[in-house]
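So the mapping is simple: the numbering used here equals the position in the sequence shown, first residue as 1, plus 10.
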Amino acid sequence: MDSGPYRFATFNCKNIKRSINDVRDLCHTCDVICLQETWILNHDIPFIGTIDSGFGYVATSAVDTSAGILRGRPYGGVALLWRYSAFKQVAILNCENSRICAIKIITNDRPIIVMSVYLPTNSVDNLQEFTDCLSAVSAIIDEYGIEAVFILGDFNADPGELFYSELVSICNDQLWSCIDVDMLGLDSGTFTFIGDVHGTSSWLDHCVTTLAARQAVVGVDIKYDTLWSDHFPLIISCNLNFINPKIFASVTNVNKDVVWGIKSAEQITVYAKECHNRLKLVDFPSECANCADRFCSDRGHRHVLDKLYSDIVAALQGAATLASRGGARWAGGGPRIAGWNRHVSEAHREARSKFNDWVLCGRPRSGFLYKEMCDSRRVFKSRLKWCQNHQDQIKMDALAVKHSKGDFRGFWKSTSKINVRPGLPVCVDGMNNPKDIANLFKSHFSVKSLLDPVVEVLSTDLDTQTVGTSFLAKNVTKAIGDMSGGKSPGHDGLSVEHLQHAGPHLARVLALFYSLCVSHSYLPADFMKTVVVPIVKNKTGDLTDKCNYRPISLATVIAKVFDGLLNTQLNKHVTLHDNQFGFRPRLSTESAILCLKQTVKYYTDRRTPVYACFLDLSKAFDLVTYNLLWDRLQSIGLPQELISMFRYWYANQANSVRWAGVMSDPYRLECGVRQGGLTSPTLFNLYINGLIVALSSQHVGCHIDGVCVNNLSYADDMVLLSASVCGLRKLIRKCEEYACGHGLLYNVRKSQYMIFEAAGAKCPDNIPQIKLNGVPLERVKQFQYLGHLLTFDLRDHADMDRERRALSVRANMIARRFARCSKEVKVTLFRAFCTSLYSCSLWANYSRKSYSVLRVQYNNAFRAVMGLPRFCSASGMFADARTDCFNATMRKRAASLVRRVRASSNTVLAMISGRLDCYIIRHCCERHVADQLPLRKY
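1) If you draw a straight line from the alpha carbon of Ala-821 to that of Leu-129, how long is it in whole angstroms?
2) Can at least three beta-carbon pairs, one atom from the region 217-232 and one from the region 183-192, be found at a separation below 8 Å?
3) Can the beta-carbon of Val-58 be found closer than 8 Å to that of Ala-96?
4) Could you check the C-alpha separation between Ser-7 and Cys-623 for me, to the nearest Å?
5) Taking DSSP as the reference, what is the three-state secondary structure of Val-280?
6) Taking only three categories from DSSP, how would you classify Thr-331?
7) Here's the rule I'm using: 16 or more other beta-carbon atoms within 10 Å means buried, otherwise exposed. How should Tyr-67 be labelled?
8) Say whether the region 657-666 touches the region 534-548, bearing in mind that this needs 3 or more beta-carbon pairs closer than 8 Å, one atom from each stretch.
9) Along the beta strand (DSSP E) that carries Gln-663, what are the first and last residues, could you check?
10) Can you find the residues in the same chain that come closer than 7 Å, C-beta to C-beta, to Leu-705, ignoring five residues on each side of it along the sequence?
11) Just mark Ser-788 as buried or exposed, buried being the case when its beta carbon has 16 or more other beta carbons within 10 Å.
12) May I ask you to report which of helix, strand or coil DSSP gives Trp-669?
13) Per the contact definition of three or more C-beta pairs closer than 8 Å, is the region 798-814 in contact with the region 645-661?
14) Between Thr-470 and His-501, what straight-line distance do the alpha-carbon atoms span, to the nearest angstrom?
15) Roughly how many angstroms lie between the CA atoms of Asn-581 and Thr-141, to the nearest whole one?
16) Might you give, ordered along the chain, the residues of its own chain that have their beta carbon closer than 8 Å to the beta carbon of Lys-947, omitting 5 neighbours on each side?
17) Three-state secondary structure (DSSP) at Gly-751?
18) Spatial neighbours of Asp-267 within its chain, please: CB distance less than 6 Å, with the 5 preceding and 5 following residues excluded, ordered by chain position.
19) Would you list the residues sitting across from Gln-762 in a DSSP beta bridge?
20) Is it true that the CB of Leu-504 sits closer than 8 Å to the CB of Gln-685?
21) Answer with buried or exposed for Arg-737, where buried requires no fewer than 16 other C-beta atoms within 10 angstroms of its C-beta.
22) Gly-170 and Ser-126 - do their beta-carbons sit closer together than 8 Å?
23) In or out: Val-785 buried (at least 16 other Cβ within 10 Å) or exposed?
24) Could you compute how far the alpha carbon of Trp-238 sits from the alpha carbon of Asp-41?
25) When the Cα atoms are used, what is the spatial distance from Leu-315 to Leu-533?
26) Provide the residue(s) that pair with Leu-526 in DSSP beta bridges, ordered along the chain.
27) Taking DSSP as the reference, what is the three-state secondary structure of Arg-28?
28) Is the beta carbon of Glu-680 within less than 7 Å of some heavy atom of the ligand FMN?
29) Is DSSP giving Lys-744 helix, strand or coil here?
30) Using DSSP bridges, identify the partner residues of Pro-561.
31) Roughly how many angstroms lie between the CA atoms of Asp-135 and Trp-213, to the nearest whole one?
32) Using 8 Å as the Cβ pair cut-off and three pairs as the minimum, do the region 581-596 and the region 743-760 touch?
33) Suppose you measure from the CA of Val-159 to the CA of Ala-361; what does that come to, to the nearest Å?
34) Taking 8 Å as the threshold, find out whether the region 142-150 comes into contact with the region 817-837 through three or more Cβ pairs.
35) Between the alpha carbons of Thr-202 and Pro-243, how many angstroms are there, rounded?
36) Closest by CA to Val-354, which one among Lys-836, Gln-398, Ala-223 and Leu-839?
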């Protein structure tokens, strides 16, 4: 079937009965028609099906006939029509919103969603509803997991007005595109509405697409010969061939009997007992009796270590297989049915037994055995059908049971499994064969060093000397206990749960194995084997673009434990500069943002502008040069045996990309720290620490009370601060020199600078160019630093709006996906996802209106999640649910920030907490002690 071009139209018909001829004209030329303001009642919806017999339809009415006698005209309502001959597979989606209706279309394995939306009129009072409607759209997209989505309708968003600004912000947050504006241009004079009274024109109707759907749009047009409506149809032309088909593939190279999955208490007991019996037979290798605590260069011992490792893995895998086969499992074919064990399994066993008896007796067509077989089969089929029809409710009930029993690990694990798993595209960058795609990602994820790599052949021919590092069973036990479960297993199918339930012998055996590996500077090949899985960055983006994927490395769990032990040893020797806030205990992104805002405020209050440069390092973790890193480890006094261990691991780790169950050719790392490694953040911080030290030793840039704050870093995100352009240029030059000497590369396109203007002082009009690597940087008035929106005047309105939109999206997602959950489950989900207002404790410069709008959004979010009436008492509903209201949440977050800052040993935070003029800390204290937050007027 031809996939294009198709024509999608959106039309605010302003009473479908009056505009029926215009709609019929659209039916002649368009394949999908989205209608708004149909003005029909519920019993009139079938009228839409009479417009054209060649079209299917779905519609909603916005009129509540149960409210009594209708006064005035009917209003609102949306509808969707689609041509039968154009689309053979169309499913109507349940949107549960009178302003939205949607269909799912499948053409040649290319699923798309088309939505018709009618948003409220442009006014400040309707802003909350406008945001909630688009958040509901986002929740629908997230639920069905389809990346190509077309959202057409009357958005009431005229460029330059409030709603258009909100629409643009939501599109930026969700990575959507307002395709009609993008293709026609704001200066094109386009309009889709002319007022009947004054004849004013506006551009109210739009088509918003996800990035995956955007590439299919080949044209946009306005049909200006409409007779009856004050709106004009907006028509887009699409070639759906540009949307890539998808496949659904499962991992086939891992033994499913080994994978932990969900195990009963009985299965865990069987597993622990079997591990105990098998691991107690693993003993110290006699060949290594003389080299347990000394360097050993005997290459023959490597085979001994290989066997020791394989024996440990075989013991765990064998015990897991035995335990898995001994439990209740889904015995049917195809996908697992929720509720099978509880509702169906007994009837299935009975039906199978009666069926076998019937077969043994010659398959009689009448009599007692035949009746028993038929009755048992009927009971089984009825229970199976009931489970299939009530899958969502069964899953929700299971969540409620786990929650009531206090099984929160199982609760959150089951919650995450409700997410839809998107399929894989059949083609990536022109490659169709899974093996070719896997090798494509192998080349994409392999990074070449910008410096000449040092090729070294490692051996264990070391002088005989004592090894100062040893690992005890208690160290291994602690490392395993510190690891969180629920992670994907490595190539051997083993995960953290296998180690946590393996019994006491495991820690002893692993401590023995790790100590021998260190003394021999050797690791088995299977130990280091890593599976790399491409993960989509933007689910609604172009899935055929390799750049829309990032790698996730799945190492063996025994290697993760060893990595944790090495990280503990590494942290004993690494001392980092206090201007580095990333991957450090008791420090967070909030800490870095607080230091930045307070530094800027300190200078601007003294009528001095601050020049800030936000630097972006390209693939910083992947460009670490090994010979420089080993030199750093040598300089901090890390024991030689641990350095040798790192060098061997990095030189010999074998990576393979997994795609659709197929593995790529193996490849090794040429540079960069190991993705997902527990030691990787510490190693990177050590590698970049020299730059922070060099910048902090410069007598330029911002300083407060003798503490240098001319640079602040969170891992590879760095901001430079200076009170002058000259000082900022010197700091940038120092960064360029360091990057050049360490194989790092700055992304000039993403690096920008901002001038924080001083109150009452005019900023210079002619500012010299600020360049990075010879390229002028862009000056911005707003920048998202570590997820927090900073503006040139330090106002917090933009960041509060960001969080307001994000809160609406999260609440609508929970309300839609967990609508059938119990009240207790909903409250738990609300506390987890809606009370964590990111960086809210840093808001100290805002208006009463912005604060009030966010508070209303918080209250509405709770109403949406709990399914409460829109105008119920806010204080009453939070009291009934024993949940913090908005003001309580804000006070707790403020108190938490003050407590963490005052208790921190970081010199920058200690300086800030010791000053009385820190406006954020002062505002947090006011917020904490007051019964109601004092709101400021600006």
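We put the CB at the ideal spot given by N, CA and C, even for glycine.
Straight from the coordinates:
1) 19 Å
2) yes
3) The sequence shown places Ile at residue 58, not Val. No, Cβ-Cβ distance for Ile-58 and Ala-96 is not below 8 Å.
4) Lying before the first or after the last residue shown, residue 7 is absent from the chain, which here runs from 11 to 948.
5) In this structure, Val-280 counts as helix in the three-state DSSP scheme.
6) helix
7) buried
8) yes
9) From DSSP, Gln-663 is part of no beta strand (DSSP E); its letter is neither H nor E.
10) Contacts found: Asn-720, Asn-721, Leu-741 and Lys-744.
11) It is worth fixing the name first, because residue 788 is Glu in this sequence and not Ser. By the neighbour-count rule (16 or more Cβ atoms within 10 Å), Glu-788 is not buried but exposed.
12) Strand at Trp-669.
13) no
14) In this prediction, Thr-470 has a pLDDT of 42, which is less than 50 and means its spatial position is unreliable; what the coordinates show is noted afterwards. Cα-Cα distance, rounded: 27 Å.
15) 46 Å
16) With a pLDDT of 37 at Lys-947, under the threshold of 50, the modelled position of this residue cannot be trusted; read the value that follows with caution. Same-chain partners within the cutoff: Ser-857 and Arg-858.
17) helix
18) Thr-331 and Ser-334
19) Beta-bridge annotation (DSSP): Gln-762 is paired with Phe-624 and Glu-788.
20) no
21) Looking at the sequence itself, residue 737 is Gly, so the reference to Arg does not match. Buried, because 16 or more other Cβ atoms sit within 10 Å of the Cβ of Gly-737.
22) no
23) So Val-785 ends up on the exposed side.
24) One C-alpha to the other measures close to 22 Å.
25) 8 Å
26) The partner list for Leu-526 (beta bridge, DSSP) is empty, contrary to what the question assumes.
27) coil
28) The ligand FMN is not part of the structure shown, which contains no ligands of any sort.
29) Collapsing the DSSP output to three states places Lys-744 in a helix.
30) In DSSP, Pro-561 forms a bridge with Pro-544.
31) Looking at the two C-alpha atoms, the distance is approximately 21 Å.
32) no
33) When rounded, the distance between both Cα atoms is 45 Å.
34) yes
35) Going by the C-alpha atoms only, they are around 7 Å apart.
36) Nearest in C-alpha terms to Val-354, of all of Lys-836, Gln-398, Ala-223 and Leu-839, is Gln-398.
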